[in-house]
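> Below is the structure I would like to discuss, written out as structure tokens.
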Amino acid sequence: MDTGLSPPGVAEALRFDRYFRSGYVHRDVYTDARIFDQEMRALFGRTWVYIGHESEVPAPNDYVTREIGRRPVILTRTRKGDVAVLINRCTHRGALVCRKPRGNTKRFTCGYHAWSFGTDGSCTSVPLRSGYGEDLDMRELDLARPAHTESYRGFVFASMAQDVPPLVDHLAGARQQLDAWIDRGDRQAIVVRSGAMNFNIHTNWKCVYDNAADGYHTPFSHESMLRVFQDRYGDVDLAYYQQDFDTSPLFIKALGNGHTMLDQRPAMHADSAWGRQHPHPSREQVEAVITERYGKDAAIAKLDASTGSGMNLNIFPNLLIIGNQIQVLEPQAVNRTLVKWYSTTLEGADADINLARMRMQEDFPSFGEVDDAAQFESCQQGMTLVPELEWIDMRRHMTTGAGYTDTDGHWREPVSSDLHQRTYFDAWRRIMGESPLFTA
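Using our numbering, the letters of the sequence shown map in sequence onto residues 443 to 882.
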């Protein structure tokens, strides 16, 4: 079979242009460990990567451990109250200084030789220090930090690269959508304090990212879940995916720098988002309490805000905001990805509103993500086990003329389009050192 792509030698392994054709991506981008290793160094090392939310470390000396493309880092609030990101690597022999996922501590002490560091990263103790001589400068032993750390409305990002643009420029059009997501619910602050639901999926991280704004799969991959909802509850949440994709009001939008959004709000919020939700524990009780407290009209607005946001907002390369959840991708190997789902609540909101919000966030990670994980692993198997078939198709709505520039200046296409995949792969190519290919 003549595919036009001969196997690359070692010297050619980083010529990424060879792995792309108009509307197609080569399987090696998902299956070659050399490409994965280069992604961790060059992609996750050269752009802004989401670390966590400030509310996860509310008190001085709180911390959580995270990753930047497999680089272990610590998100911490220092004793002075500042949020910091530290490289989780002792400056002595390189061991991890923090081996727990979260906690509160005044210092991080390496288990190997007991070097200690404050929550601001400063080296505070070296046992038997005299053995290093009188000229030892403790400041040179401080924990390293990423080159840049910035926070946007509580969302903390970091970059290992010196020459990245400011975070707000990197966010591009995603910034406006992130604002809209945060400002639902009477502009109350988002709180992320409930831990995570973790999925360890045997797939390349891009199989997960591919799906983040893939409306095409919904009625097929999630058929059983949608059928249960339809049979039990009728025309409720996600039922709009059972209509004709290409004439529905749902759409996908490219937001710049690889970021995208799948927007379900035109269907989900056409009347009442709360009214479209299927029954769940305490629903009637919550609705009655909130209606009595605020009156019918105000109650509906508050209850609507407690439902899913109606958007999948994807901030390349590792942050996915789906409904009211924050999903984070942590690539582990070329064929293994840790997917973390974080539920969110609203600071200062009625306990009943937050209860409803939490109940709304239980369904999809419990049912839908299992459906998706099975498809991700199946894709990885097929791409890995059949080397003769080399190309992955991403042409949907590439040439149909269905796309156009929206009033906000961003390109949009029908919800079944592959615009999301083509958009982020353009950013992938640019960051990895090649020219974009798919830009509309």
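Glycine included, C-beta positions come from ideal geometry on N, C-alpha and C.
Residues in its own chain within less than 8 Å of Asp777 by CB, not counting five upstream and five downstream?
Taking the sequence shown and counting its residues from 1, one reaches residue 777 at position 335. It is Asn, not Asp, that sits at residue 777 in the sequence shown. The residues are Thr473, His644, Thr645, Asn646, Gln822, Thr826.
> Taking just the CA atoms, how far does Pro691 sit from Asp848?
For the purposes of this step, residue 848 is identified with residue 406 of the sequence shown, where counting begins at 1. For the purposes of this step, residue 691 is identified with residue 249 of the sequence shown, where counting begins at 1. Taking the straight line joining both Cα atoms gives about 13 Å.
> Kindly list the residues whose CB is nearer than 8 Å to the CB of Leu583, restricted to its own chain and excluding five residues on each side of it in sequence; keep chain order.
On the sequence shown, position 141 is the one that residue 583 refers to. For Leu583, where only same-chain residues beyond five positions count, the Cβ hits under 8 Å are Thr533, His534, Trp557, Cys565, Val568.
> In whole angstroms, give me the CA-to-CA distance for Pro500 and Glu592.
To locate residue 500, count along the sequence shown from 1; it is residue 58. To locate residue 592, count along the sequence shown from 1; it is residue 150. Computed Cα separation, rounded: 17 Å.
> Taking the beta strand (DSSP E) that Leu517 falls in, what are its first and last residues?
For this step, residue 517 is matched to residue 75 along the sequence shown. Taken as a continuous stretch (DSSP letters only), the beta strand (DSSP E) holding Leu517 covers 513-519.
> What span of residues does the beta strand (DSSP E) with Lys782 cover, start to end?
Taking the first residue of the sequence shown as position 1, residue 782 is located at position 340. Counting along the chain, the beta strand (DSSP E) containing Lys782 begins and ends at 778-784.
> Just reading off the alpha helix (DSSP H) that Lys548 is part of, what are its end residues?
Stepping through the sequence shown from its first residue, residue 548 is reached at position 106. First-last for Lys548: undefined, no H or E at that position.
> Assuming the contact rule is C-beta atoms closer than 8 Å, Ser724 and Arg801 should be a hit. Round their C-beta distance to whole Å, please.
Translated into positions along the sequence shown, residue 724 becomes position 282. Translated into positions along the sequence shown, residue 801 becomes position 359. Indeed, because the Cβ distance is near 6 Å, the residues count as touching under 8 Å.
> Specify whether the region 521-529 and the region 621-631 touch according to this definition: at least 3 beta carbon pairs, one from each stretch, less than 8 Å apart.
Too few Cβ pairs lie closer than 8 Å, so no.
> Please list the terminal residues of the continuous alpha helix (DSSP H) segment that includes Met800.
For the purposes of this step, residue 800 is taken as the residue at position 358 of the sequence shown. Per DSSP, Met800 belongs to the alpha helix (DSSP H) from 793-802.
> According to DSSP, is Leu585 helix, strand or coil?
Stepping through the sequence shown from its first residue, residue 585 is reached at position 143. If DSSP states are grouped into helix, strand and coil, Leu585 belongs with coil.
> Between Val633 and Gly494, is the Cβ-Cβ spacing less than 9 Å?
By one-based count along the sequence shown, residue 633 stands at place 191. By one-based count along the sequence shown, residue 494 stands at place 52. In this structure, Gly494 does not lie closer than 9 Å to Val633 by Cβ.
> Under a three-way DSSP split, which group does Val539 fall into?
In the sequence shown, the residue the question calls residue 539 occupies position 97. Here Val539 sits in coil by DSSP.
> Using only CA atoms, which one of Lys782, Asn754, Arg595 lies nearest to Asp656?
Here residue 656 is taken as the residue at index 214 of the sequence shown, counted from 1. Looking at the Cα atoms, Asn754 is the closest of the given residues.
> Less than 7 Å between C-beta atoms, sequence neighbours within five positions excluded: which residues of the same chain meet that for Cys649?
Here residue 649 is taken as the residue at index 207 of the sequence shown, counted from 1. So the qualifying residues of the chain are Tyr472, Phe818, Cys821, Gln822.
> With 16 other CB atoms within 10 Å as the buried threshold, where does Ala586 fall?
Position 144 of the sequence shown, counted from the first residue, corresponds to residue 586. With fewer than 16 Cβ atoms within 10 Å of its Cβ, Ala586 is classed as exposed.
> Check the DSSP bridge columns for Asp705 and list the partner residues they point to.
The sequence position of residue 705 within the sequence shown is 263, counting from 1. Answer by DSSP bridge pairing, in chain order: Phe693, Met753.
> Put Gly494 into one of helix, strand or coil per three-state DSSP.
On the sequence shown, residue 494 is found 52 positions in, with the first residue counted as 1. Three-state result, Gly494: strand.
> Measuring only the C-alpha atoms, how far is Ala614 from Asp621?
As a position in the sequence shown, residue 614 is number 172, starting the count at 1. As a position in the sequence shown, residue 621 is number 179, starting the count at 1. Each residue's Cα considered, the two are about 12 Å apart.
> Classify Asn642 as buried or exposed, calling it buried when 16 or more other Cβ atoms lie within 10 Å of its own Cβ.
Residue numbering aside, residue 642 sits at position 200 when the sequence shown is read from its first letter. Looking at its Cβ environment, which holds fewer than 16 other Cβ atoms inside 10 Å, Asn642 is exposed.
> Taking the alpha carbon of Thr749 as the point to measure from, which residue in Asn653, Phe478, Thr841, Arg799 has its own alpha carbon closest?
As a first step, residue 749 must be located in the sequence shown, where it is residue number 307. Comparing Cα positions, the closest option is Arg799.
> Identify, in the order they occur along the chain, each residue of the same chain with its Cβ nearer than 7 Å to the Cβ of Tyr652, setting aside the five sequence neighbours on each side.
For the purposes of this step, residue 652 is taken as the residue at position 210 of the sequence shown. The sequence as given places Asp at residue 652; Tyr does not occur at that position. Closer than 7 Å at Cβ, skipping near neighbours: Gln863.
> Are the beta-carbon atoms of Phe458 and Arg871 separated by less than 9 Å?
Your numbering for residue 458 matches position 16 in the sequence shown. Your numbering for residue 871 matches position 429 in the sequence shown. Yes, they are a contact pair.
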